[in-house]
Amino acid sequence: MEQFLNLISKEMESAFEAAGYDSALGRVTVSNRPDLCEYQCNGAMAGAKRYRKAPFMIADDVAKALTEKNDGAGSNVFSKVEVVKPGFLNLDVKESFLQSYLREMSADERLGMPLPEKPEKIIIDYGGPNVAKPLHVGHLRSAVIGESVKRIARFHGEDVIGDIHLGDWGLQMGLVITELKKRMPDLPYFDPDFPGDYPREAPFTVSELEEIYPFASAKSKKDPEYYAEAMDNTRRLQEGERGLYALWQKIVGVSVADMKRNYENLDVSFDLWNGEASVHPVIPGMVRDMKESGCAHESQGALVIDVSEETDSKEIPPCIVLKSDGASLYTTTDLATIKERVEKYDPDRIIYITDKRQELHFTQVFRAARKAGLIGPETELVHIGFGTMNGKDGKPFKTREGGVMRLETLIADIDAEMLSKISTNPDIPAEEAQETSRRVALAALKYGDLSNQASKDYIFDIEKFTSFEGDTGPYILYTIVRMRSILQRYLAEEGATAPAELAPGVPASDVEKKLMMDLAGFNAMMEGAYADLAPHRVCAYIYQVSNDFNSFYHSTRILTEKDREQKESWIALLCLTERVLSRCIDVLGFSAPERM
Ligand code: ARG
28 MEQFLNLISK EMESAFEAAG YDSALGRVTV SNRPDLCEYQ CNGAMAGAKR YRKAPFMIAD
88 DVAKALTEKN DGAGSNVFSK VEVVKPGFLN LDVKESFLQS YLREMSADER LGMPLPEKPE
148 KIIIDYGGPN VAKPLHVGHL RSAVIGESVK RIARFHGEDV IGDIHLGDWG LQMGLVITEL
208 KKRMPDLPYF DPDFPGDYPR EAPFTVSELE EIYPFASAKS KKDPEYYAEA MDNTRRLQEG
268 ERGLYALWQK IVGVSVADMK RNYENLDVSF DLWNGEASVH PVIPGMVRDM KESGCAHESQ
328 GALVIDVSEE TDSKEIPPCI VLKSDGASLY TTTDLATIKE RVEKYDPDRI IYITDKRQEL
388 HFTQVFRAAR KAGLIGPETE LVHIGFGTMN GKDGKPFKTR EGGVMRLETL IADIDAEMLS
448 KISTNPDIPA EEAQETSRRV ALAALKYGDL SNQASKDYIF DIEKFTSFEG DTGPYILYTI
508 VRMRSILQRY LAEEGATAPA ELAPGVPASD VEKKLMMDLA GFNAMMEGAY ADLAPHRVCA
568 YIYQVSNDFN SFYHSTRILT EKDREQKESW IALLCLTERV LSRCIDVLGF SAPERM
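Written as structure tokens, this is what we have:
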């Protein structure tokens, strides 16, 4: 469906033309004085110089052209066209026009969102957890934002692949291996002459792994010999030593199983579970090509690509492809991953979602990838850098003891807070309360994050996020639950299981009209959220819709309405609002419970 605002603009543009002016002047915008009118057009002001006329004269001509339309019956689109000095056109939209737009929208499964002619192939690189290290809150934002961006793009009709891009190949693997060897030297993985098959079972649990990594990491900082051993094990692993590689597979297996459980709890899912290690075989050929083409050169023993550009306002250092000892780095695996993604999927766009502190890294990688010809000019590389999640003190979120907050602990805290609220509702049995509070808590967490522009830091405030009032996830869910319960009561009265094909009528009040105009803006909002890859726009929209629905609800006795036609029209409006909100929370990555 064409966007509502475009349809209105078209009506105005044709009036400018009919009055003898350039139709381009007829662009309509939402009113910035909602107390005076719903929409406005400032084209007469813009045209004054060109036509050497006072703006109000132009506006008068246009208003006249509109009243003369349809053999003098006037415009089908505007109920009010007011010329205000010095030359503004203040506009209200006709109830019948709004109604027919919503009817068409109701009848469309996609709520008026068109599908692209040719879907864009997009790879979204998000999550990015590191094997053997516990997930911490820093990984939360990448997962939450990435999942939503993926769902927005998918709903928009694009062909999207989500890739977790595991950190599974760096020094942390060498550290864990080193410490495992100290603790269990007799494991067959460390015997270079071990002939047979390695045991099926991993010789550790995930909690042991999570204890081992911080231990080994701390030790390596104090003990140079230990550090050297870890470096050596990393190198031997990367060179493919059989035993170490088999042990590495066990570490990855145990860690990934745990990650899958965690991401499932967050309602986050990936199409690809590739990691840095998976592109290891791509590196030698890539490096050879870079040397041969001359785009990479040696500098102090390392292999680098110059990526600075004349227009840079600050210095962008060269991108290091290989360290002086020949080892690969974070940049190396990212470059190799670009090469592999291009060869395998030929994407139109690759979107990375990480902490904004990685901005320089991605600038270097993107420029190096283009310079080395790993990617053509038609493929776009985008980095969405997000801000820090802070505690109430404005400093990065920590545990009470001052340590790094684990994601699981954070989720458990917000679940508990939610459960204590939900349990106050005596109608909800204990078991349902558990399940419901988990769902509402997830909404609280995700909405709390997504309602902020991604690049900004924000304060994680459990009390605020879990509140049933204000700009929060639970408030949105509460509104949806309210609509569903009205609908259930209506259906029970009617003795029906599903609402018949009801259609919204003309609005009976200003609050109803306001809600209808919000709904008519759905496709434009979604289009904008996709263009800007901006979940916060969806949040702002549903907050508005929820507020306007609740005003409508409080001023309207829907279920006790005697006039059948009126009642059915309200039920139809309620159903449409419910569909719009449900669609929106789905792209944000959460869902509503039965009741709360
Ligand atoms: N593992 C990295 C980290 O924890 C994030 C990976 C992001 N993706 C990428 N292609 N570099 O910081």
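Numbering (this note's numbering) for the sequence shown: 28 to 623.
Cβ atoms here follow ideal geometry from the backbone N, Cα and C, with glycine treated the same way.
Q.
Rounded to whole angstroms, what is the Cα-Cα separation between His410 and Ala86?
A. Looking up residue 410 in the sequence shown gives position 383. Looking up residue 86 in the sequence shown gives position 59. Cα to Cα, His410 sits roughly 45 Å from Ala86.
Q | CB contact flag (Asp502, Ser573, <8 Å) | A | Locating residue 502 in the sequence shown gives position 475, where the first residue counts as 1. Locating residue 573 in the sequence shown gives position 546, where the first residue counts as 1. Sequence inspection shows Tyr at residue 502; the Asp mentioned does not correspond to that position. In this structure, Tyr502 lies near Ser573, with their beta-carbon atoms less than 8 Å apart.
**Q.** Closest residue to Val306 among Ala551, Met132 and Glu370 (Cα-Cα distance)
**A.** Counting from one through the sequence shown, the residue named residue 306 turns up at place 279. Of the listed residues, the one whose Cα sits closest to Val306 is Glu370.
**Q.** Distance, Glu528 Cα to Asn289 Cα
**A.** Within the sequence shown, numbered from 1, the residue matching residue 289 stands at position 262. Within the sequence shown, numbered from 1, the residue matching residue 528 stands at position 501. Approximately 41 Å between the Cα atoms of the pair.
Q | Alpha-carbon to alpha-carbon, Asp545 and Glu386 | A | Stepping through the sequence shown from its first residue, residue 386 is reached at position 359. Stepping through the sequence shown from its first residue, residue 545 is reached at position 518. In this structure, the straight-line span from the alpha carbon of Glu386 to that of Asp545 is close to 36 Å.
**Q.** Residues bridged to Lys37 [DSSP beta-bridge criterion]
**A.** Residue mapping note: residue 37 aligns to position 10 of the sequence shown, counting from 1. Partner(s): none; Lys37 has no beta bridge.
Q: Within its chain, find whatever has a CB closer than 7 Å to the CB of Asp294; leave out the 5 residues flanking it on each side and keep chain order.
A: Here residue 294 corresponds to residue number 267 of the sequence shown, with the count starting at 1. Sequence-distant Cβ neighbours of Asp294 in its own chain, meaning closer than 7 Å and more than five residues away, are Leu469, Gly616 and Phe617.
**Q.** Distance between Gly412 and Leu198 (C-alpha atoms, nearest Å)
**A.** Here the question's residue 198 lines up with position 171 in the sequence shown. Here the question's residue 412 lines up with position 385 in the sequence shown. In a straight line, the C-alpha of Leu198 is about 24 Å away from that of Gly412.
Q) Would the beta-carbon of Phe492 fall within 8 Å of that of Gly418? A) As a first step, residue 492 is located in the sequence shown; it is residue number 465 there, counting from the start. As a first step, residue 418 is located in the sequence shown; it is residue number 391 there, counting from the start. No Cβ-Cβ contact shorter than 8 Å links Phe492 with Gly418.
Q: Measure the Cβ-Cβ separation of Leu271 and Ile191 and say whether it is below 8 Å.
A: The count along the sequence shown starts at 1 and reaches residue 271 at position 244. The count along the sequence shown starts at 1 and reaches residue 191 at position 164. Between Leu271 and Ile191, the gap from beta carbon to beta carbon reaches 8 Å or more.
Q: State the Cα-Cα distance for the pair Phe424 and Val281, rounded to the nearest angstrom.
A: Here residue 424 is taken as the residue at index 397 of the sequence shown, counted from 1. Here residue 281 is taken as the residue at index 254 of the sequence shown, counted from 1. Approximately 27 Å, taken between the alpha carbons.
Q | Lys96 beta carbon less than 8 Å from that of Ser106 | A | Start at 1 with the first residue of the sequence shown, and residue 106 comes out as number 79. Start at 1 with the first residue of the sequence shown, and residue 96 comes out as number 69. The answer is no: Cβ separation not under 8 Å.
Q. Between Gln327 and the rest of its own chain, which residues show a CB-CB distance below 8 Å, the 5 nearest in sequence each way excluded?
A. Here residue 327 refers to the residue found at position 300 of the sequence shown. Within its own chain, the residues whose Cβ lies closer than 8 Å to the Cβ of Gln327, once the five positions on either side in sequence are excluded, are Ser351, listed in chain order.
Q) Between Ala399 and the rest of its own chain, which residues show a CB-CB distance below 6 Å, the 5 nearest in sequence each way excluded? A) Numbered from its first residue, the sequence shown carries residue 399 at position 372. Hits under 6 Å: Met317 and Cys322.
Q.
Quick check on Val89: does DSSP put it in helix, strand or coil?
A. The residue given as residue 89 occupies position 62 in the sequence shown. It is helical.
(Q) I want to know whether the stretch 203-222 touches the stretch 272-279 - three or more CB-CB distances under 8 Å. (A) With the cut-off at 8 Å, the stretch 203-222 and the stretch 272-279 touch.
(Q) Please classify Val57 as buried or exposed, where buried requires at least 16 other C-beta atoms within 10 Å of its C-beta. (A) For the purposes of this step, residue 57 is taken as the residue at position 30 of the sequence shown. Under this definition Val57 is an exposed residue.
Q) When you compare only the Cα positions, how much space is there between Ser578 and Lys589? A) What you label residue 578 is simply residue 551 of the sequence shown in a count that begins at 1. What you label residue 589 is simply residue 562 of the sequence shown in a count that begins at 1. Cα-Cα distance, rounded: 21 Å.
Q: Could you tell me how far apart the beta carbons of Ser36 and Arg54 are, in whole angstroms, since I believe they sit closer than 8 Å?
A: Here residue 36 refers to the residue found at position 9 when the sequence shown is read from its first residue. Here residue 54 refers to the residue found at position 27 when the sequence shown is read from its first residue. At roughly 5 Å, the Cβ-Cβ gap stays under 8 Å, so Ser36 and Arg54 are in contact.
Q) For the ligand ARG, which residues count as neighbours when the test is a C-beta closer than 6 Å to any heavy atom? A) The filter returns Asp152, Gly155, Asn157, His192, Gly194, Asp361, Tyr379 and Thr381, in chain order.
Q: Check the DSSP bridge columns for His324 and list the partner residues they point to.
A: The residue you call residue 324 lines up with position 297 of the sequence shown. Bridge partners of His324: Val331.
Q. Near Phe393, which residues of its chain fall below 8 Å by C-beta distance, leaving aside the five closest residues on each side in sequence?
A. Walking along the sequence shown from the start, residue 393 turns up at place 366. Result list for Phe393: Leu408 and His410, in chain order.
Q. Would Glu40 pass as a contact of Ser50 if the rule is Cβ separation under 8 Å?
A. Taking the first residue of the sequence shown as position 1, residue 40 is located at position 13. Taking the first residue of the sequence shown as position 1, residue 50 is located at position 23. One thing to note: Glu40 has its Cβ within 8 Å of the Cβ of Ser50.
**Q.** Cβ contact check for the stretch 154-171 and the stretch 123-130: 3 or more pairs under 8 Å
**A.** Contact fails: fewer than three Cβ-Cβ distances are below 8 Å.
Q.
Let me make sure I understand the geometry here. Which of Met552, Thr604 and Gly302 has the alpha-carbon closest to that of Gly540?
A. Within the sequence shown, numbered from 1, the residue matching residue 540 stands at position 513. With the sequence shown as reference, residue 540 is identified as Lys, and Gly is not the correct amino acid for it. Measuring from the Cα of Lys540, the nearest candidate turns out to be Thr604.
Q: Spell out a yes or no on whether the stretch 137-155 and the stretch 178-195 are touching, meaning 3 or more CB-CB pairs, one atom from each, closer than 8 Å.
A: A contact is defined here as three or more CB-CB pairs under 8 Å, and the stretch 137-155 meets this definition with respect to the stretch 178-195.
(Q) Going by DSSP, what residue range makes up the alpha helix (DSSP H) through Leu362? (A) Your numbering for residue 362 matches position 335 in the sequence shown. Taken as a continuous stretch (DSSP letters only), the alpha helix (DSSP H) holding Leu362 covers Tyr357 to Tyr372.
Q | Ser355 beta carbon less than 8 Å from that of Ile402 | A | Locating residue 402 in the sequence shown gives position 375, where the first residue counts as 1. Locating residue 355 in the sequence shown gives position 328, where the first residue counts as 1. Between Ile402 and Ser355, the gap from beta carbon to beta carbon reaches 8 Å or more.
(Q) Quick check: what's the CA-CA separation for Leu52 versus Leu138? (A) Here residue 52 refers to the residue found at position 25 of the sequence shown. Here residue 138 refers to the residue found at position 111 of the sequence shown. Using only the alpha carbons, I get a separation of about 30 Å.
Q: Assign Cys602 to one of three DSSP states: helix, strand, or coil.
A: For this step, residue 602 is matched to residue 575 along the sequence shown. DSSP places Cys602 in helix when its eight states are reduced to three.
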